[in-house]
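Have a look at the structure below, then the notes.
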Amino acid sequence: AGDHSPGFEMLLKKGFHGVQQEAQSYLDQIDPYDEHYHDKRRFYEAVILTCDAMKVLGERHAAKALAMSATEMDQERREELLRIAATCARVPYYPARTFREALQAVWFGELSMFTEEKATSIGMGRLDQYLYPYYQRDLAAGILTKEQTQELLECFWIKLAEIIYAVSKENAAFYSGYQPYVSFTVGGCGPDGKDATNELSYMMLQATMDLQMHVPTNHVRMSAD
1079 AGDHSPGFEM
1089 LLKKGFHGVQ
1099 QEAQSYLDQI
1109 DPYDEHYHDK
1119 RRFYEAVILT
1129 CDAMKVLGER
1139 HAAKALAMSA
1149 TEMDQERREE
1159 LLRIAATCAR
1169 VPYYPARTFR
1179 EALQAVWFGE
1189 LSMFTEEKAT
1199 SIGMGRLDQY
1209 LYPYYQRDLA
1219 AGILTKEQTQ
1229 ELLECFWIKL
1239 AEIIYAVSKE
1249 NAAFYSGYQP
1259 YVSFTVGGCG
1269 PDGKDATNEL
1279 SYMMLQATMD
1289 LQMHVPTNHV
1299 RMSAD
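Going by this note's numbering, the letters in the sequence shown line up with residues 1079 to 1303, in that order.
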């Protein structure tokens, strides 16, 4: 299983709440005399249930970070935990508004898929393209600096590298430490055929050079430009 790239750009814009609302709308409109009624109903009900699960996932992380902040004595770390709590209370259920929220939502998406299924190559697609608008807005608004963005990317890289397979005793001799090839793509052209490389493209490659880990796998698109 695996070998696909989920629609993270859509999820960042809609959140699982938006997806859930669409699924409920489709569920309400199914013709009960449709020969595929039961299959369609079960599918949309499963989508709605999955969206509820993603809401719970964010809320549990938010609650844990908030509880940790209550006993944290270091002021800087306490502020970090409160930021984490606020971010996880927002995403992945609601649309991302900032770069930090967008990155957290992508992580929750990856985490949930590997929780649900042992798979290879659940990639993140053109990460530098769909995260760039959030980076641009945060930079312009003074919410993040380039240095803080680089740190967030490298923290994200480390989280991705934590995902390894848990296998049976019989398979462990062969699959021991086998990692799932989480990949991303940078560079290339946009829909207009022009070079789409941006600042995040290079920052993501820099994160890989800084950390020198086995995950994530880098893919670079090249063009004549």
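All C-beta atoms, glycine included, are put in the ideal place defined by N, C-alpha and C. Nothing here was measured: the structure is a model prediction, and the numbers come from that model.
*asked:* Quick check: the Cα distance between residue 1256 and residue 1289, rounded to an integer number of angstroms?
replied: Counting only the Cα atoms, residue 1289 lies some 19 Å from residue 1256.
*In chain order, what residues of the same chain have a beta carbon less than 8 Å from the beta carbon of residue 1119, not counting five sequence neighbours either side?*
1105 and 1108.
*Compare the C-alpha of residue 1272 against each of 1110, 1175, 1300 and 1128 and name the closest.*
That would be 1300, whose Cα lies nearest to the Cα of residue 1272.
*Could you have a look at residue 1152 and say whether DSSP puts it in helix, strand or coil?*
Coil at residue 1152, not helix or strand.
*In angstroms, rounded to a whole number, what distance separates the CA positions of residue 1223 and residue 1099?*
Each residue's Cα considered, the two are about 35 Å apart.
*How would you call residue 1220, buried or exposed, if buried means at least 16 neighbouring beta carbons within 10 angstroms?*
Residue burial annotation: residue 1220 is exposed, with fewer than 16 other C-beta atoms found within 10 angstroms of its C-beta.
*How many angstroms separate the CA atom of residue 1259 from the CA atom of residue 1157?*
Roughly 33 Å between the two C-alpha positions.
*Mark residue 1279 as exposed unless 16 or more other C-beta atoms lie within 10 angstroms of its C-beta, in which case mark it buried.*
With 16 or more other Cβ atoms inside 10 Å of its own Cβ, residue 1279 counts as buried.
*Buried or exposed: which applies to residue 1188, given that a residue is buried once 16 or more other Cβ atoms fall within 10 Å of its Cβ?*
Label assigned to residue 1188: buried.
*Own chain residues within Cβ distance below 7 Å of residue 1091, not counting five before or after*: 1173, listed in sequence order.
*Counting Cβ pairs closer than 8 Å, one from the segment 1171-1185 and one from the segment 1211-1218, do we hit at least three?*
For the pair of segments examined, the segment 1171-1185 was found to touch the segment 1211-1218: the number of CB pairs separated by less than 8 Å reaches three.
_Through-space distance from residue 1126 to residue 1113, alpha-carbon basis_ = Cα-Cα distance, rounded: 22 Å.
*Do you know offhand how far residue 1140's Cα is from residue 1283's?*
Rounded to whole angstroms, the gap between the alpha carbons of residue 1140 and residue 1283 is 30 Å.
*Does the distance from the CB of residue 1135 to the CB of residue 1199 come in under 8 Å?*
No, the Cβ-Cβ distance between residue 1135 and residue 1199 is not below 8 Å.
*Quick one: grab the DSSP three-state call for residue 1246.*
Three-state result, residue 1246: coil.
_residue 1176, enclosing alpha helix (DSSP H) - first and last residue_ = Residue 1176 -> no alpha helix (DSSP H), and no H or E assigned at all.
*Is residue 1126 close to chain C, meaning its C-beta is less than 8 Å from at least one C-beta of that chain?*
Absence of chain C from the displayed structure is noted, only one protein chain being present.
*Neighbour-count burial assignment, residue 1269, 16 or more Cβ in a 10 Å radius*: So residue 1269 counts as exposed.
*asked:* For residue 1095, report the span of its alpha helix (DSSP H) as first-last.
replied: Its alpha helix (DSSP H) spans residues 1086-1107.
*asked:* Quick check on DSSP: helix, strand or coil for residue 1216?
replied: Collapsing the DSSP output to three states places residue 1216 in a helix.
*Beta-carbon proximity of residue 1171 to residue 1121, cut-off 8 Å*: No, the Cβ-Cβ distance between residue 1171 and residue 1121 is not below 8 Å.
*When DSSP builds the beta bridges, which residues end up paired with residue 1298?*
The bridge partners DSSP lists for residue 1298 are 1264.
*Could you tell me which residues DSSP pairs with residue 1200 in its beta bridges?*
DSSP output for residue 1200 lists 1082 as bridge partner(s).
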